[in-house]
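For the protein sequence lines, the chains are A and B, in the order given. Residue numbers for the first sequence follow my numbering, so the first one is 1 and each next one is one higher. Residue numbers for the second sequence follow my numbering, so the first one is 115 and each next one is one higher. Built from N, CA and C at the ideal position, the CB exists for glycine as well. Since this is a predicted model, take the numbers as computed values, not measurements.
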Amino acid sequence: DQQVKQNSPSLSVQEGRISILNCDYTNSMFDYFLWYKKYPAEGPTFLISISSIKDKNEDGRFTVFLNKSAKHLSLHIVPSQPGDSAVYFCAASRGSSNTGKLIFGQGTTLQVKP
Amino acid sequence: DGGITQSPKYLFRKEGQNVTLSCEQNLNHDAMYWYRQDPGQGLRLIYYSQIVNDFQKGDIAEGYSVSREKKESFPLTVTSAQKNPTAFYLCASSPRLNTEAFFGQGTRLTVV
Numbered sequence: 001d002q003q004v005k006q007n008s009p010s011l012s013v014q015e016g017r018i019s020i021l022n023c024d025y026t027n028s029m030f031d032y033f034l035w036y037k038k039y040p041a042e043g044p045t046f047l048i049s050i051s052s053i054k055d056k057n058e059d060g061r062f063t064v065f066l067n068k069s070a071k072h073l074s075l076h077i078v079p080s081q082p083g084d085s086a087v088y089f090c091a092a093s094r095g096s097s098n099t100g101k102l103i104f105g106q107g108t109t110l111q112v113k114p
Numbered sequence: 115d116g117g118i119t120q121s122p123k124y125l126f127r128k129e130g131q132n133v134t135l136s137c138e139q140n141l142n143h144d145a146m147y148w149y150r151q152d153p154g155q156g157l158r159l160i161y162y163s164q165i166v167n168d169f170q171k172g173d174i175a176e177g178y179s180v181s182r183e184k185k186e187s188f189p190l191t192v193t194s195a196q197k198n199p200t201a202f203y204l205c206a207s208s209p210r211l212n213t214e215a216f217f218g219q220g221t222r223l224t225v226v
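Structure, rendered in structure tokens:
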């Protein structure tokens, strides 16, 4: 039962353009969402998060949008840079609970072409 | 420097042998986690610990064991009962449960 889904395994964009990575979830109890970036053979690094009380959170070139009614979140990277090429994971949890489960999607590989 | 250290980076073991993966953090975090990454499957939670001397099973705990005798350390043992142990293992920690987790560099375990 995949509670967090990233349906696009890969995405390719031109340098300078916008990258949009999508994530869907099924558990309406999730109230805290995160995006991580991962290079090969390294651990993921935290990018940005959003609480369910918000619908948008921005940090520099990265913006996360949350649509609770659609159970959908997206990460926008503007402008995209070649160094952004990596695997991006979305994750979700019940931040207000004590279950300790941070559930990850399958990841989307982003390639930014110079 | 503060961070999470996993060792070794690469590990080879013969089938049927137990192997222990090390994870140490000096971030003073209460919570620690072990994840496994397989191609196309994202990160799956093996075990997590909220506090010293306490740990809970994640989604795929069968064939694994952990201990949390010290706040800084959360070793993972991959036992011979784990049917498909070859994978990339990631340790993480967070100030408390369900806050953003910080990951180590991972250990790639290959069982031959």
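For Q111(A), the closest Cβ of chain B is not nearer than 8 Å.
Near chain B, meaning a CB-to-CB distance below 9 Å, the residues of the region 35-59 of chain A are Y36, K38, A41, E42, G43, P44, T45, F46, S49. Not one beta carbon of chain B lies nearer than 8 Å to the beta carbon of K68(A).
Of all residues in the region 149-181 of chain B, only Y149, Q151, G154, Q155, G156, L157, R158, L159, Y162, S163, Q164, Q170, G172, D173 place a beta-carbon less than 9 Å from a beta-carbon of chain A. For the pair Y36(A) and L211(B), the Cα-to-Cα distance works out to about 17 Å. If you draw a straight line from the Cα of K68(A) to the Cα of R94(A), it is about 14 Å long. The C-beta of P9(A) has fewer than 16 other C-beta atoms within 10 Å across all chains shown, which makes the residue exposed. S93(A) reaches chain B at N212, counting residues in chain order whose Cβ is nearer than 8 Å. Looking at the DSSP output, D24(A) shares a beta bridge with K5(A), H72(A). A direct Cα-to-Cα measurement between N57(A) and P82(A) gives close to 23 Å. The beta carbon of K38(A) sits closer than 8 Å to the beta carbons of P44, T45, A86, V87, Y88, F89, G107 from its chain, once the five residues preceding and following it are set aside; these are given in chain order. For S208(B), the enclosing beta strand (DSSP E) stretches over residues 201-208. With fewer than 16 other Cβ atoms inside 10 Å of its own Cβ, H72(A) counts as exposed.
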